[in-house]
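A.B. asks: All you need for this note's numbering is the position in the sequence shown, starting with 1, plus 59.
First, the structure itself, so that you have it in front of you.
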Amino acid sequence: MTATLPRVNFLGVMAGILALVSILLPWWGITTTGLGSSTSSMWGFFGGPTHNPDINNASGFSSTITTYSPIILALVLLSIALAIAGSFTPRVRILTGGLVTSVAALVSYAELIGYTASNNCQGTGCITQPTGSETIFGVTRTWGFQQGFYLFTAATILVLIGMVFHQTLTRNRSKGATPSQKA
60 MTATLPRVNF
70 LGVMAGILAL
80 VSILLPWWGI
90 TTTGLGSSTS
100 SMWGFFGGPT
110 HNPDINNASG
120 FSSTITTYSP
130 IILALVLLSI
140 ALAIAGSFTP
150 RVRILTGGLV
160 TSVAALVSYA
170 ELIGYTASNN
180 CQGTGCITQP
190 TGSETIFGVT
200 RTWGFQQGFY
210 LFTAATILVL
220 IGMVFHQTLT
230 RNRSKGATPS
240 QKA
């Protein structure tokens, strides 16, 4: 009788690690440059910027993002747990749950930013969409998604690729078998 060793879907594990790193980085921000200076206001899951950004209704803007970010953080943490746990089982269901919650987190965060931008616009010179830039009198203001959001997007794509190759990567192999032998 030969023992079998479980194989691990390393793509799912890598996706989980990338997603974990992404929560430490900012997911959305505003950068203002010009006249010899530059300022940035970045939002992540562990608080907003230390100063109010140069936008209309800045406190309402920050408040909305900060209020709803924990819900998205919970989705991100759930997707991390499912991606890593699903990498150690031959069934693809758990990994599929990781993909679904990852997509839900991405869509929810994009919707949160879109809602926040359109809802907190009061008067002229306000941000009305999730990404963009404007230049006024030599001062350029750029806003949009940041490293954390894009890293989590890459992790989501990695989970999808891991699902495609899941059966191949997690097939059990005999303990004494060599790579040229079939299990």
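Don't be surprised by glycine CBs; every beta carbon is placed ideally from N, CA and C.
Here the structure is a predicted model, which is why all the values come from computation and not from measurement.
Going by the DSSP bridge assignment, what does residue 195 pair with across the sheet?
C.D. replies: Residue 195 is bridged to 198.
A.B. asks: Would you call the stretch 67-77 and the stretch 85-92 touching, i.e. three or more CB-CB distances under 8 angstroms?
C.D. replies: No, because fewer than three Cβ pairs between the stretch 67-77 and the stretch 85-92 fall closer than 8 angstroms, the two stretches do not touch.
A.B. asks: Hey, out of 140, 126 and 152, whose CA is closest to residue 102's CA?
C.D. replies: The option with the nearest alpha carbon to residue 102 is 126.
A.B. asks: To the nearest angstrom, report how far apart residue 218 and residue 173 are at their CA atoms.
C.D. replies: Roughly 26 angstroms between the two C-alpha positions.
A.B. asks: Report yes if the CB atom of residue 138 is closer than 9 angstroms to the CB atom of residue 107, and no otherwise.
C.D. replies: The answer is no: Cβ separation not under 9 angstroms.
A.B. asks: From residue 145 to residue 71, what distance separates their C-alpha atoms?
C.D. replies: Each residue's alpha carbon lies about 7 angstroms from the other.
A.B. asks: Using DSSP with H/G/I as helix, E/B as strand and the rest coil, what is residue 123?
C.D. replies: Residue 123: helix per DSSP, three-state reduction.
A.B. asks: Can you name, in chain order, every residue of its own chain whose Cβ lies under 6 angstroms from the Cβ of residue 79, other than the five neighbours on each side?
C.D. replies: Around residue 79: 139.
A.B. asks: Quick one: residues in its chain with C-beta nearer than 8 angstroms to the C-beta of residue 155, no 5 flanking neighbours on either side, listed in chain order?
C.D. replies: If we look at residue 155 and ignore the five residues flanking it on each side, its Cβ neighbours are 145 and 222.
A.B. asks: List in chain order: all unbroken alpha helix (DSSP H) runs of 4+ residues lying wholly within the stretch 146-182.
C.D. replies: Complete alpha helix (DSSP H) runs here, min 4: 152-178.
A.B. asks: On the DSSP letters alone, give me the boundaries of the beta strand (DSSP E) that residue 89 sits inside.
C.D. replies: From DSSP, the beta strand (DSSP E) with residue 89 extends over 87-93.
A.B. asks: Give me the residue from 203, 68 and 215 with the minimum Cα distance to residue 162.
C.D. replies: Considering only alpha carbons, the answer is 215.
A.B. asks: Got a sec? Which residues, its chain only, sit under 7 angstroms from residue 128 by beta carbon, not counting five neighbours each side?
C.D. replies: So the qualifying residues of the chain are 104.
A.B. asks: Over the uninterrupted beta strand (DSSP E) stretch that includes residue 212, give me the two end residues.
C.D. replies: Not the beta strand (DSSP E): residue 212 falls in the alpha helix (DSSP H), residues 206-223.
A.B. asks: Would you call the CB atoms of residue 190 and residue 177 closer than 9 angstroms?
C.D. replies: No; because the gap between Cβ atoms is not below 9 angstroms, this pair is not in contact.
A.B. asks: Give the DSSP-derived three-state secondary structure of residue 103 in the structure shown.
C.D. replies: Correct three-state label for residue 103: strand.
A.B. asks: Can you check whether the CB of residue 167 is closer than 9 angstroms to the CB of residue 136?
C.D. replies: Cβ atoms of residue 136 and residue 167: not closer than 9 angstroms.
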